[in-house]
Amino acid sequence: MVESFFDEVTGCLTILVKGRFDYSCHKIFKEAFTGVTKVKECRVDLAGVTYLDSSALGMLLLLRDHVGAENEEIRLVNVNSAVIDILKMANFHRLFDIAE
Amino acid sequence: MEQVLTILIADDNPSDRILLKAILSQFGHNVISAVDGQDAVEKFDPHTIQLVCLDIKMPRKDGWEAALDIQRAAGEVFVPIIFLSGVTDPIALSNCLRIGGIDFISKPYSPALITAKLNAIVRLLVMQKTLEEQRDAMSLYNEKLLNDQEVAKVVYENITNSNCLKDSALSTIHYGTHTFNGDVILAAYKPNGGMHLLLGDFTGHGLSAAIGALPLADIFFDWTKKGFLMRQIIPEINARLKGVLPSNMFCSAAFIDIKVNNKSIEVWNGGLPDLLLFPQNVSKPVRFTSKNLPLGVLSPDEFECQIEPMSFASGDRLMAFSDGVYEALDLSGKMFCQSVLKPLYDGEVDAAQSIDWLTQQLEQEGVLENPHDDISCLSVRLDTSIGIDSPEYKVSKGHDETPADFSFEYVLNADSLRNTDPLPYVLQILTTVPGLSSFSSQIFMILSELYSNALEHGVLKLSSDKKNSSDGFSRYYEEREYNLANLQEGYVKISVKVTSENNNRALILYVEDSGSGFDFQSVNYDISNTELLYNRGLALLDQLCSKLEFSKGGSAVTAHYHWQVGLER
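As given, the protein sequences belong to chains F and V, one line each in that order.
Using our numbering, you'd call the opening residue of the first sequence number 26 and step up by one each time.
Using our numbering, you'd call the opening residue of the second sequence number 2 and step up by one each time.
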């Protein structure tokens, strides 16, 4: 399940993912950021994520491509240790700011 | 929804039959009349008749029996049957529906009711027809798709498979969730002995995942065959995948270079679970953790290639698997990495049986019946014989007898030594010599030994003593990297001369470096494996060449390689 909020004032886009973060989230995750321009800051909240697969990693790369055009950092927050392991295996800590 | 139907009516009562025929004809339908059930069965043709109306009570064959016969004759074609009845007994009427009638019309006939029912039936028929057409189109499409996939699968397998995978040192398992597998295992012999191995896992599953494997395999095989090194091949694969794949697709992979001449492996891990090396004298496996981003994520200028070297002894084993294994769920719903794989990591599983053990675990935990991800695993028994005299290179010799006579000199100064690997280019020229390409593995081996001695011991002044311990081994390679990156002066000169005389052909390789040489006088080839011999690969060179001569205090060496053409075999 994916929810997103965009704060027009601060330019902060928050994407909240819950449950299994896999291909089934693809469409809605993409919609969460494609419609939004002038993103100054981006937070992806993974607090409710129980599992994440390689297509989820691919979605994060898409987000980075989209938001990264303005050279803004993307923060992955509330990441639990199982998900951190997967992100680290792919060395994604070099592309994203990851916080527990 | 006006549609003209061909309707078969059967009624033994002439007046009822004629009345119904008149009503139906009035709406423009074609009507065929039968006088009883038997007559109706005989007149029924599933290809022309779209609706059947049967009186229930008839001589010779009643309406119910006729209905069953007609349904049998219709086979797969849907022909609705309506019963005509003067009776109002609910059991008799419900019998009509039970045996497959879709409706009944009570006598005496009401034209208004008949019109309404016919319209409903026409709607039903139109819907049925649309469904049948869609079903046929779907099954045709599916058949075509499967056929296309089969063809594509053959091409895919031809490109991603090499007969090296059958090498007795290798064991692999490979389970796909689809016809196409997003995991690939590639293996290729290097021209100077040893092997390159790659286990890759593309994002997603099925065809879209498999398609990225084509450029990957293409570069892997082509560049390995040409003698390029792992650290040259990986960035090239990354650049190509970055170029062709959409940005949400990439390939987690491990690349393994088995170097037989100095008994070592080099491992590059980008996004796969830890690779495990099982040395025979150590209880726990050595782990090679992912230190790189997967292939196809970073642009070529951001890409870094972190490679870990490690020495091995013959009989040690190396194991790699995709995250389909690592993240598989056991029966209690726990991931393999947290439960089932523990004995493997703790060294409690016999390394030689590790693949069988893993297959058994996957079966026991029900993963193979219902895999969520492609699963692949490879295990290789490390040995110095891998890729040496492999059948692939046993090409029939002596077909090409055209004489060759040329020479060239290739001098690399500091800048080029830092940035170029000259060997593939030199080898490419040498393989143009008629008949020499069948010996290319030996030539490449000689060439690479001479060059690495000149570069590492001559120019970079590294001492080979360091390589003796496994700890020193990785320090040796760190120092090599460091010294090479900071190289300001020095040179390696490679001179090549090819001559032909009658049936005799000779290749003379002369390699000179800017270093201070070494005590070559003390080299004694009779004693197998003095440290110097072993570390500088001199024993190997001595075996391969017909003559090996040192000059300039050991900073220059000449290797003579002879072969003959036109021999009876």
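Each residue gets a CB set at the ideal place from its N, CA and C atoms; glycine is no exception.
Nothing here was measured: the structure is a model prediction, and the numbers come from that model.
So, is Ser397 of chain V buried or exposed, given that buried needs 16 or more other C-beta atoms within 10 angstroms? Low local confidence applies: a pLDDT of 45 at Ser397 of chain V is under 50, so the model's placement there is unreliable, with the coordinate-based value given in what follows. Under this definition Ser397 of chain V is an exposed residue.
Within a Cβ cutoff of 7 Å, which residues of the same chain sit near Leu20 of chain V, ignoring the five residues on either side of it in sequence? Once the five neighbours on either side are set aside, the close Cβ partners of Leu20 of chain V are Tyr110.
Is there contact between the stretch 131-151 of chain V and the stretch 22-39 of chain V, where contact requires at least three CB pairs shorter than 8 Å? Judged by Cβ distances under 8 Å, the stretch 131-151 of chain V makes no contact with the stretch 22-39 of chain V, as fewer than three pairs qualify.
Could you please tell me which residues of the stretch 242-268 of chain V, in chain order, have their CB closer than 9 Å to any CB of chain F? For the stretch 242-268 of chain V, which is checked against every Cβ of chain F, the residues closer than 9 Å are Pro247, Ser248, Asn249, Met250, Phe251 and Ser253.
Going by beta carbon distance, what residues of the same chain come within less than 6 Å of Ile40 of chain F, once the five residues before and after it are set aside? Result list for Ile40 of chain F: Ser29, Ala57 and Val69, in chain order.
Exposure label - Phe409 of chain V; buried when at least 16 CB within 10 Å: Exposed, by the Cβ-count rule.
Would you report the Cα separation of Ile111 of chain F and Glu305 of chain V, rounded to the nearest angstrom? Those two C-alpha atoms are separated by around 20 Å.
Does Ser79 of chain F get closer than 7 Å to chain V when you measure Cβ to Cβ? Contacts with chain V at 7 Å (Cβ-Cβ) include Ser79 of chain F.
According to DSSP, is Tyr394 of chain V part of a helix, a strand, or is it coil? For Tyr394 of chain V, the pLDDT reaches just 45, beneath the cut-off of 50, and the residue's location in the model is therefore unreliable, leaving the point undetermined.
Are the CB atoms of Asp514 of chain V and Ser449 of chain V nearer to each other than 7 Å? At a Cβ-Cβ threshold of 7 Å, Asp514 of chain V and Ser449 of chain V do not count as neighbours.
Using a Cβ cut-off of 7 Å (strictly closer), state whether Pro295 of chain V contacts chain F. Output row for Pro295 of chain V: interface = yes.
When you compare the CB positions of Pro301 of chain V and Gly272 of chain V, do they come within less than 7 Å of one another, or not? For Pro301 of chain V and Gly272 of chain V, no; Cβs fall outside 7 Å.
Taking Cβ positions only, does Thr432 of chain V come closer than 7 Å to chain F? Cβ-Cβ to chain F under 7 Å: no for Thr432 of chain V.
Are the Cβ atoms of Phe84 of chain V and Gly64 of chain V separated by less than 7 Å? Yes.
Rounded C-alpha distance that separates Leu383 of chain V from Glu303 of chain V: Distance between the alpha carbons of Leu383 of chain V and Glu303 of chain V: 33 Å.
Boundaries (first-last residue) of the beta strand (DSSP E) holding Gly201 of chain V: Taken as a continuous stretch (DSSP letters only), the beta strand (DSSP E) holding Gly201 of chain V covers Met196 to Phe203.
Three-state secondary structure assigned by DSSP to Gly399 of chain V: Any answer about Gly399 of chain V is weak, because its pLDDT of 45 lies below 50 and its placement is not dependable; what the coordinates show is given next. When DSSP states are grouped into helix, strand and coil, Gly399 of chain V belongs to the coil group.
Would Leu230 of chain V pass as a contact of Asp416 of chain V if the rule is Cβ separation under 7 Å? Not closer than 7 Å, so no.
Alpha carbons only, please: which of V:Val493, V:Leu55 and V:Asp374 is nearest the one belonging to Gly205 of chain V? Of the listed residues, the one whose Cα sits closest to Gly205 of chain V is V:Asp374.
Selected residue, minimal CA-CA separation from Ala170 of chain V, among V:Glu77, V:Pro286, V:Val283 and V:Ala353: It is V:Ala353.
What separation, rounded to the nearest whole angstrom, lies between the Cα atoms of Trp224 of chain V and Ile234 of chain V? Spanning the alpha carbons of Trp224 of chain V and Ile234 of chain V requires a straight line of approximately 7 Å.
Where are the alpha helix (DSSP H) runs, 4 residues long or more, that stay fully inside the stretch 110-174 of chain V, in chain order? For the stretch 110-174 of chain V, the continuous alpha helix (DSSP H) assignments of 4+ residues that do not extend past its boundaries occur at 112-161, in sequence order.
In chain order, what residues of the same chain lie with their CB nearer than 6 Å to the CB of Lys62 of chain V, ignoring the 5 residues before and after it? For Lys62 of chain V, where only same-chain residues beyond five positions count, the Cβ hits under 6 Å are Gly38 and Gln39.
So is Gln72 of chain V buried or exposed if we call it buried at 16+ other beta carbons inside 10 Å? Result: buried.
Cβ neighbours of Glu309 of chain V in the same chain (closer than 6 Å, five flanking residues each side left out): Once the five neighbours on either side are set aside, the close Cβ partners of Glu309 of chain V are Val268 and Phe289.
Strand pairing of Thr559 of chain V, partner residues [DSSP]: Secondary-structure assignment with DSSP links Thr559 of chain V through a beta bridge to V:Tyr511 and V:Glu550.
How should Thr131 of chain V be labelled, buried or exposed, when 16 other C-beta atoms within 10 angstroms of its C-beta is the threshold for buried? Label assigned to Thr131 of chain V: exposed.
What residue does the beta strand (DSSP E) around Ile83 of chain V start on, and which one ends it? Here the beta strand (DSSP E) through Ile83 of chain V covers Ile82 to Ser86.
Beta bridge counterpart(s) of Ser377 of chain V as assigned by DSSP: The bridge partners DSSP lists for Ser377 of chain V are V:His175.
What's the C-alpha gap between Gly399 of chain V and Gln565 of chain V? Because Gly399 of chain V sits at a pLDDT of 45, beneath the cut-off of 50, its placement in the model cannot be relied upon, and the following sentence gives the value as read from the coordinates. One C-alpha to the other measures close to 7 Å.
Val287 of chain V bridges to which residues according to DSSP? Bridge partners of Val287 of chain V according to DSSP: V:Leu278.
Using the three-state DSSP reduction, which class does Ile212 of chain V fall into: helix, strand or coil? Coil, per DSSP.
At the 7 Å Cβ level, is Thr161 of chain V part of the contact set with chain F, yes or no? Under the Cβ distance rule, Thr161 of chain V does not count among the residues neighbouring chain F, no pair being separated by less than 7 Å.
Can you tell me the Cα-Cα spacing of Leu456 of chain V and Ala560 of chain V, whole angstroms? Distance between the alpha carbons of Leu456 of chain V and Ala560 of chain V is about 17 Å.
At least one CB of chain F closer than 7 Å to the CB of Ser291 of chain V: is that the case? Interface annotation, Ser291 of chain V: in contact with chain F, CB-CB separation under 7 Å.
C-alpha distance - Tyr492 of chain V paired with Leu485 of chain V, whole-angstrom precision: Between Tyr492 of chain V and Leu485 of chain V, the C-alpha separation is close to 12 Å.
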